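All residue numbers for the sequence shown refer to my numbering, where the first residue is -5 and numbers rise by one.
Everything below concerns the one structure shown next.
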Amino acid sequence: MYHLILCHALLTRQYRQLFEMVGYKARPAAPRKRAMSITALNARLNKIALDSIAHNRFFLLKEIAAVFIAALILVLAMATLWLAYTRSVFLAVIFFAILSGGLLAPYLAAMPVLHPRRIRVAFTPADFGIAKWQNVAFFSSDGVELRAWFIPPDPQSNGAAVVFVHGLGGNRGELLPEAAMLVKHGYGALLLDLRNHGRSRGTLTTLGYCEVEDVGGAVAYLQARPEVNPHRIGLFGYSMGGATVLRAAARLCQVRAVIAQSAYSSLEENIARGTIAQAGLPPFLFAPLIVWLGEHATGLRVNQVRPVDDVAQIAPRAVMFIHGAQDRAITPDNSRRLYRAANEPKELLLIEHAEHHQVMQTNLPEYEQRVTKFLDQYLRS
-5 MYHLILCHAL
5 LTRQYRQLFE
15 MVGYKARPAA
25 PRKRAMSITA
35 LNARLNKIAL
45 DSIAHNRFFL
55 LKEIAAVFIA
65 ALILVLAMAT
75 LWLAYTRSVF
85 LAVIFFAILS
95 GGLLAPYLAA
105 MPVLHPRRIR
115 VAFTPADFGI
125 AKWQNVAFFS
135 SDGVELRAWF
145 IPPDPQSNGA
155 AVVFVHGLGG
165 NRGELLPEAA
175 MLVKHGYGAL
185 LLDLRNHGRS
195 RGTLTTLGYC
205 EVEDVGGAVA
215 YLQARPEVNP
225 HRIGLFGYSM
235 GGATVLRAAA
245 RLCQVRAVIA
255 QSAYSSLEEN
265 IARGTIAQAG
275 LPPFLFAPLI
285 VWLGEHATGL
295 RVNQVRPVDD
305 VAQIAPRAVM
315 FIHGAQDRAI
325 TPDNSRRLYR
335 AANEPKELLL
345 IEHAEHHQVM
355 QTNLPEYEQR
365 VTKFLDQYLR
375 S
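Given below as structure tokens:
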């Protein structure tokens, strides 16, 4: 749904392709294995991702070209209709054929977003030096089977744990650097594959609408784990996952703290203000077409995914918004808008010079200090 905004996210989000390119093979933890530091591994991931941008750019141009060609075909079809009425029935047949193709082309272009290609998980927690972790399965609140990694909290801590929710086209390994950072500080973690991603079931991506049910299932799973304090569960989401955890936290009173990184405030507004306008296309022409196609394919309304309308309901629980100041996929104004709409306690962290996919890597010391301080205050204490 809404393939242009998400195709642009595909261009700027490095982790979309890097897990297949990085060369690591998933393998069980071994006592003698020497894990790379989080900083070193992030540096390698960042270099590989930058090399993949040119490859991802091809997919963005393909999506834009598909919409442009579809619009051109519709214009030609209207001209053909006029000719059909004035000259022959044969031209009318051509008109219907062209019109059908014009309607079908953008729909087919949207399919990779509604049904993103599943990226295999090339990393495991063992690659980050985490010895205790499990492959687990559970069900979303609406019955979809989900897969995840569970990392128990430090026995000496008070059982605080965080659910990590990846972005569009990612998988549970996408937020491993962020999770490993918190595990180092004693937190537990549950990194899940959202529906229609990774090894989870599901056949359709709804960009933060039905995915709320996945978060609900993850929270219920953590509450049932004896190692986890059921009253100290937090959420951490990135991009589409950030929008999802905000919507989920507003509905799940069990959640004590939430962090949304690079989240959009309104899916509908980002279609026009973000990707379409940035691609040089007139939003007043293309945004309605993309919205209509997405709504037709999913049966949902685009205005149903508006985290900016949900964040006020999170209080009195704490919420933190993180964004890269140079994010061009989902601009930092989204987090500013979310911050203004939220009630206290709330925090806003803008990382200078960081793009959509480089928030943690750009300034790891500040990032780690602010995130751990926030969770220590509102989740662990």
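Using N, Cα and C, we set each Cβ at its ideal position, and we do this for glycine too.
Just so we're clear, the structure is a prediction, and the values are computed from it rather than from any experiment.
Report the three-state DSSP secondary structure of residue i (helix, strand or coil).
i: N165; result: coil
i: L369; result: helix
i: R364; result: helix
i: V313; result: strand
i: F117; result: coil
i: K27; result: Legend: pLDDT at K27 = 47, less than 50; position of this residue unreliable, value from coordinates given subsequently. In this structure, K27 counts as coil in the three-state DSSP scheme.
i: N297; result: helix
i: Q150; result: coil
i: N264; result: helix
i: Y258; result: coil
i: N223; result: coil
i: R141; result: strand
i: N328; result: helix
i: L216; result: helix
i: A131; result: strand
i: L246; result: coil
i: E341; result: strand
i: A251; result: strand
i: A306; result: helix
i: S375; result: coil
i: A173; result: helix
i: A335; result: helix
i: L5; result: With a pLDDT of only 36 at L5, under the threshold of 50, the placement of this residue in the model should not be trusted; the figure read from the coordinates follows. DSSP places L5 in helix when its eight states are reduced to three.
i: A323; result: coil
i: G228; result: strand
i: G235; result: helix
i: L358; result: helix
i: G211; result: helix
Quick check on the burial criterion: 16 or more other C-beta atoms within 10 angstroms. Buried or exposed for residue i?
i: E207; result: buried
i: P310; result: exposed
i: Q150; result: exposed
i: Q352; result: buried
i: H191; result: buried
i: N165; result: buried
i: G293; result: exposed
i: P171; result: buried
i: C247; result: exposed
i: R300; result: buried
i: N297; result: exposed
i: T147; result: The displayed chain sequence assigns Pro, not Thr, to residue 147. That one is buried.
i: R374; result: buried
i: P326; result: buried
i: E360; result: exposed
i: E341; result: buried
i: E346; result: exposed
i: D136; result: exposed
Return the chain-ordered list of same chain residues with a C-beta closer than 7 Å to the C-beta of residue i, the five sequence neighbours on each side being excluded.
i: Q371; result: none
i: A306; result: A335, A336 and N337
i: M234; result: G161, L162, L201 and G202
i: R112; result: H191 and G192
i: V177; result: I124, I145 and A183
In its own chain, which residues sit with a C-beta less than 6 Å from the C-beta of residue i, not counting the 5 before and 5 after it?
i: L343; result: I316 and R364
i: R189; result: V138, G196 and D208
i: A212; result: V157, L184 and L186
i: V252; result: L229, V239, A243 and V313
i: A218; result: none
i: D45; result: Because D45 sits at a pLDDT of 43, beneath the cut-off of 50, its placement in the model cannot be relied upon, and the point is left open.
i: N328; result: Y258 and S259
i: Y215; result: F132
i: R193; result: R141 and D187
i: R330; result: none
i: P224; result: Q217
i: P339; result: A312
Considering only their Cβ atoms, is the gap separating residue j from residue i smaller than 7 Å?
i: L186; j: L240; result: no
i: Y258; j: A237; result: yes
i: R226; j: G153; result: yes
i: A155; j: V249; result: no
i: H350; j: S256; result: yes
i: L332; j: V302; result: yes
i: F117; j: Q128; result: no
i: V115; j: G182; result: no
Return the chain-ordered list of same chain residues with a C-beta closer than 8 Å to the C-beta of residue i, the five sequence neighbours on each side being excluded.
i: A174; result: I32, P119, F122, G123 and I124
i: A319; result: P326, L344, I345, E346, H347 and A348
Taking only beta-carbon positions, decide if residue i is within less than 7 Å of chain D.
i: L201; result: This model lacks chain D altogether, as it is built from one protein chain only.
Suppose only complete runs of 4+ residues qualify. What are the alpha helix (DSSP H) ranges in the segment 179 to 205, listed by chain order? Taking only runs of at least 4 residues, no alpha helix (DSSP H) segment lies wholly in the segment 179 to 205.
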